[in-house]
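Each residue of the sequence shown is one higher than the last, beginning at 1 in this note's numbering. Where is the CB? At the ideal position from N, CA and C, for every residue including glycine. Written out below as structure tokens is the structure these notes cover.
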Amino acid sequence: MVAVFVALMFVGLVLTDLVLQKLKARRAVAVSPQASWVPGATLERLARPRSFPCGIPQGVYLSQGHAWFRPDPSGEVRVGADALLAHALGAPDRVTLPKVGDTVRRGQPLFYLVHIGRTLTVSSLVTGKVLAVNDALRELPELVAREPYGDGWVCKVAPAHLDDDSGRMRSGEKAATWLEYEFARFCEFIGVNIPADLALGATSVDGGLPALGSLTQLSDQAWRAFEAGFLRAR
Numbered sequence: 001m002v003a004v005f006v007a008l009m010f011v012g013l014v015l016t017d018l019v020l021q022k023l024k025a026r027r028a029v030a031v032s033p034q035a036s037w038v039p040g041a042t043l044e045r046l047a048r049p050r051s052f053p054c055g056i057p058q059g060v061y062l063s064q065g066h067a068w069f070r071p072d073p074s075g076e077v078r079v080g081a082d083a084l085l086a087h088a089l090g091a092p093d094r095v096t097l098p099k100v101g102d103t104v105r106r107g108q109p110l111f112y113l114v115h116i117g118r119t120l121t122v123s124s125l126v127t128g129k130v131l132a133v134n135d136a137l138r139e140l141p142e143l144v145a146r147e148p149y150g151d152g153w154v155c156k157v158a159p160a161h162l163d164d165d166s167g168r169m170r171s172g173e174k175a176a177t178w179l180e181y182e183f184a185r186f187c188e189f190i191g192v193n194i195p196a197d198l199a200l201g202a203t204s205v206d207g208g209l210p211a212l213g214s215l216t217q218l219s220d221q222a223w224r225a226f227e228a229g230f231l232r233a234r
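This is the structure:
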């Protein structure tokens, strides 16, 4: 009986040690959010897990602020939030759409993603006039997370300087590589900011990609830090 008790205690100690080592390792690879936003940071600085959803549809351009646009044959552009923003937030409660007819400027607020009273501001990639909005998002805001490059598009804009604006964006392989880097940077951000009591559930089962909507588990201060570090031009 004593031998069984001792064996159970040993197993318990081993399991506890494994959990503590996993938490320690997860923290060890994290750096402060401010450090990871330094201009000129290279892809080699960060681990690049292979599980990130970094495929970019043909013709889609990504901005530094994690918005995308895709030119139509007519010259108009369709705009939305990219896969990182969709994964970080998960399904928003509401999408605040721009008004049709409004003039927007590159770098200025274009639409807002709202989750339980907190808002993420997404800036416009282009200067131009809003021609249409995706009314389906009024009833189904979760489309932004479910199909960010498809039915989750937010609005259409008639760009005033499309060639100039697109020259500032990334597309194709460059966009995919950059988005992979941004997902790795987001992993670091979550590792630093997730509350200790939620740390074990902050990443997927394989320990790679943070869970869908993990941003919503963070404090207001971390929420603002995410917006400053990921959604604003750097």
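{"query": "Identity of the residue in D163, P195 and L97 nearest D220 by Cα", "result": "P195"}
{"query": "A86 and A145 closer than 8 Å at C-beta", "result": "yes"}
{"query": "Neighbour-count burial assignment, E139, 16 or more Cβ in a 10 Å radius", "result": "exposed"}
{"query": "Cβ separation of Y112 and T103, assumed to be a contact under 8 Å, to the nearest whole Å", "result": "Not really, about 18 Å apart at Cβ, beyond 8 Å."}
{"query": "According to DSSP, residues forming a beta bridge with A132", "result": "K156"}
{"query": "C-beta atoms of W153 and R78 nearer than 8 Å", "result": "yes"}
{"query": "Assigned exposure category for D82 - 16 Cβ within 10 Å defines buried", "result": "buried"}
{"query": "Extent of the continuous alpha helix (DSSP H) run through Y112", "result": "That residue, Y112, is in no alpha helix (DSSP H); its beta strand (DSSP E) goes P109 to H115."}
{"query": "Close Cβ partners of Y276 (< 7 Å) along its chain, the five nearest in sequence each way excluded", "result": "Residue 276 lies beyond the stretch modelled for the chain, which goes from 1 to 234, so this question has no answer here."}
{"query": "For L218, the nearest candidate out of E173, F189 and P71 (CA to CA)", "result": "F189"}
{"query": "Backbone secondary structure at V205 - three-state DSSP", "result": "Low confidence applies to V205: its pLDDT is 41, below 50, so where it sits in the model is not reliable enough to give any reading."}
{"query": "Anticipated Cβ contact below 8 Å, F226 with L212, distance rounded", "result": "The pair is not a contact, with the Cβ atoms about 15 Å apart (cut-off 8 Å)."}
{"query": "Distance, L131 Cα to V100 Cα", "result": "5 Å"}
{"query": "Contact check, D165 vs V126, beta carbons under 8 Å", "result": "yes"}
{"query": "A211: first and last residue of the uninterrupted alpha helix (DSSP H) it sits in", "result": "Run containing A211: none; DSSP gives neither H nor E here."}
{"query": "Chain-order list of residues whose beta-carbon lies under 6 Å from that of P238 (same chain, five-residue window excluded)", "result": "Outside the shown range of the chain (1 to 234) lies residue 238, about which nothing can therefore be said."}
{"query": "Length of the line joining the Cα atoms of R168 and G117", "result": "33 Å"}
{"query": "Identity of the residue in W223, E182, D163 and D135 nearest T96 by Cα", "result": "D135"}
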